[in-house]
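Chains as they are written, first to last, in my numbering: chain A, -4 to 255; chain B, -4 to 255.
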């Protein structure tokens, strides 16, 4: 997966990811890697059960050293989030609480809307098996819930982190979602395209492609449509000219049945 | 993370995830789990380097047995995608190709806009280290690129899969942004498309289209790319067969100089 250019703002560290009593070093490492993939660098651990420093975490981070080097360890969630202004709790179970529930996308929009850098925001993630306690969830103003297949709703900790990080990163993207990639080439002009149409249709006439004159207009339209849809480059139009040229060049003169 | 209710349509199997020459069993397992989290069940493996069946994959799947039980193994990408109509390639490197690039979100919107169940769509993912070959990317109409931190843009295979699956699941409520117009016709299957490629290339070989054997692969790739991009209907593929047939039919037998 390739990176596209991104504003510096999204790489300033972003919201804090707070892993509470994480059980597996691997999950911490994969979460760190996922964070850095999407420009997040502020990782905080509350009493990691996996122990810290943790070799499995280092290995699983696959080079996200920048994140692991800055990790801060805390004894209590309250300390870990003390400097933040907006706190979200990622939780799996329904809680008997009255609290706004947002999607990861909604959370990202909210976090972008504060100071733009997200540095005053944080997201709490609980231990793999049990999740956050009610007391910990109560520290957050909002709950993040990710819609899941109800028949298989156990999301890995690091995967939950990557979805939050991904939404944070992509929600800033105002670029169009689809564009034609053209390396060292340019889209064909309509003139070039129409010349190709002419070439193709003349060749097909010569080859007796159209069964009847009545059917010709409809068939021509279909051919033009399909090639128009391809949004051809200049080079590709040249190639197609060559294809027509070559395929039809070898054709014998109109009738040489007199050799029989 | 809790599941919310979702329409049955989103749990019908969804788009196919095609892992090409995956190297690590763990990644296959985590990908399967991620798929099922978001209602995808159609996993296809092309020559898994990890070997199959694979104990590490089973362990890493954490109960996503439904997906692993249905895995299908193929020898070539062409076979793995033969029944699909819309194919995406997830790729990390910039390719010297002219092909629309979409985000995971854009891809999900597109896949939802076909038959709603996504069962005629698929996404190719390459091996962990090397990614897809250019020839494999050329089989797809669109490239999926996930915006990443340019300073740390190596995304784990299973994480790439989960982002595609997550977007597929969560985009369900969005209005479709793109719909291929198909009046009384249907998109060609990949099998039909590949047959056309074969026909075209054989005809071009016969006509001496390729100046040298060295230039052939690149020229073939360009031709395949432009036709893949056109998202041909079945009817259009038939028409193009007719075009090739007609243009090359009239060519005289290789050598009939013996009549002299």
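Here a beta-carbon is modelled for each residue, glycine too, at the ideal position from N, C-alpha and C. As the structure is a computational prediction, the values presented were derived from the model and not from experiment.
Sequence-distant residues of the same chain with beta carbon closer than 6 Å to residue i, five excluded per side
i: residue 239(A); result: 194, 195 and 198
i: residue 117(A); result: 10, 11, 13, 76, 79 and 82
i: residue 159(A); result: 99 and 118
i: residue 49(A); result: 20
i: residue 113(A); result: 9, 10 and 106
i: residue 92(B); result: 220
i: residue 52(B); result: 20, 23 and 24
Chain-order list of residues whose beta-carbon lies under 8 Å from that of residue i (same chain, five-residue window excluded)
i: residue 69(B); result: 39, 40, 41, 42 and 75
i: residue 61(A); result: 31 and 36
i: residue 124(A); result: 18
i: residue 57(A); result: 24 and 28
i: residue 131(A); result: 15, 72, 84, 119 and 121
i: residue 229(A); result: 180, 181, 182, 183, 184 and 187
i: residue 88(B); result: 126
i: residue 169(A); result: Bear in mind that a pLDDT of 44 at residue 169(A), under 50, signals an unreliable position, so the number given afterwards is only what the model happens to contain. Excluding positions up to five away in sequence, the list is empty.
i: residue 219(A); result: 192
i: residue 149(B); result: 87
i: residue 44(B); result: 16, 17, 18 and 122
i: residue 46(B); result: 20
Local Cβ density within 10 Å of residue i, reported as buried at 16 or more and exposed below that
i: residue 189(A); result: exposed
i: residue 94(B); result: buried
i: residue 343(B); result: Lying outside -4 to 255, the shown extent of chain B, residue 343(B) is not represented and no answer is given.
i: residue 165(A); result: buried
i: residue 254(B); result: With a pLDDT of only 39 at residue 254(B), under 50, the local geometry of the prediction cannot be trusted, and the value read off the model is given with reservation. The residue in question, residue 254(B), is exposed, as its Cβ has fewer than 16 Cβ neighbours within 10 Å.
i: residue 208(B); result: exposed
i: residue 136(A); result: exposed
i: residue 200(A); result: exposed
i: residue 129(A); result: exposed
i: residue 142(B); result: buried
i: residue 175(A); result: Residue placement at residue 175(A) is flagged as unreliable, the pLDDT there being 46, under the threshold of 50; a coordinate-derived value is accordingly withheld.
i: residue 34(A); result: buried
i: residue 54(B); result: exposed
i: residue 224(B); result: buried
i: residue 90(B); result: buried
i: residue 64(B); result: exposed
i: residue 146(B); result: exposed
i: residue 177(B); result: Reliability fails at residue 177(B), whose pLDDT of 48 lies under 50, so the model's placement of it is uncertain and the value that follows must be treated cautiously. It counts as exposed.
i: residue 26(B); result: buried
i: residue 153(A); result: buried
i: residue 140(A); result: buried
i: residue 59(B); result: buried
Contacts around residue i, its chain only, beta-carbon distance under 7 Å, and the 5 residues preceding and following it disregarded
i: residue 103(B); result: 162, 163 and 166
i: residue 173(B); result: Its pLDDT being 39, under 50, residue 173(B) is placed unreliably by the model, and nothing is read from it.
i: residue 171(B); result: Unreliable placement is indicated for residue 171(B), whose pLDDT of 41 sits below 50; the coordinate value is still reported in the next sentence. Within the same chain, residue 171(B) has close Cβ partners 104, 107 and 108.
i: residue 101(A); result: none
i: residue 243(B); result: 198, 201 and 202
i: residue 250(B); result: Since pLDDT at residue 250(B) reaches only 45, below the 50 mark, its modelled position is unreliable, and no value is offered.
i: residue 67(B); result: 39
i: residue 205(A); result: 199, 211 and 214
i: residue 241(A); result: none
Span of the alpha helix (DSSP H), counted from its first residue to its last, around residue i
i: residue 52(A); result: 50 to 55
i: residue 28(B); result: 20 to 32
i: residue 88(B); result: That residue, residue 88(B), is in no alpha helix (DSSP H); it is neither H nor E in DSSP.
i: residue 139(B); result: It is not in any alpha helix (DSSP H) - residue 139(B) instead sits in the beta strand (DSSP E) that spans 137 to 139.
i: residue 8(A); result: Here residue 8(A) belongs to no alpha helix (DSSP H), and DSSP marks it neither H nor E.
i: residue 97(B); result: Run containing residue 97(B): none in the alpha helix (DSSP H); it sits in the beta strand (DSSP E), 95 to 97.
i: residue 76(B); result: That residue, residue 76(B), is in no alpha helix (DSSP H); it is neither H nor E in DSSP.
i: residue 131(A); result: 129 to 132
i: residue 191(A); result: 185 to 201
i: residue 244(B); result: 229 to 244
i: residue 63(B); result: 60 to 64
Bounding residues of the beta strand (DSSP E) (the contiguous stretch that carries residue i)
i: residue 276(B); result: Residue 276(B) lies beyond the stretch modelled for chain B, which goes from -4 to 255, so this question has no answer here.
i: residue 69(A); result: 67 to 69
i: residue 159(A); result: Not the beta strand (DSSP E): residue 159(A) falls in the alpha helix (DSSP H), residues 152 to 165.
i: residue 39(B); result: 38 to 41
i: residue 117(B); result: 116 to 120
Original post:
When the Cβ atoms of the segment 224 to 244 of chain A are set against those of the segment 204 to 214 of chain B, are three or more pairs found closer than 8 Å?
Top reply: yes
**OP:** Anything in the segment 147 to 161 of chain A with a Cβ closer than 9 Å to a Cβ of chain B? List those residues in chain order, please.
**Re:** 147, 148, 149, 150, 151, 153, 154, 155, 157, 158 and 161
Subject >> Residues of the segment 105 to 130 of chain A with Cβ closer than 8 Å to any Cβ of chain B, in chain order >> reply: none
**OP:** May I ask you to list, following chain order, the residues of the segment 40 to 68 of chain A that have a beta carbon less than 8 Å from some beta carbon of chain B?
**Re:** 57, 58, 59 and 61
Original post:
Got a sec: which bits of the segment 197 to 208 of chain A sit with their beta carbon under 8 Å from any beta carbon on chain B, in order along the chain?
Top reply: 198, 199, 202, 203 and 204
**OP:** Select from the segment 182 to 195 of chain B all residues with a C-beta closer than 9 Å to any C-beta belonging to chain A, and list them in chain order.
**Re:** 195
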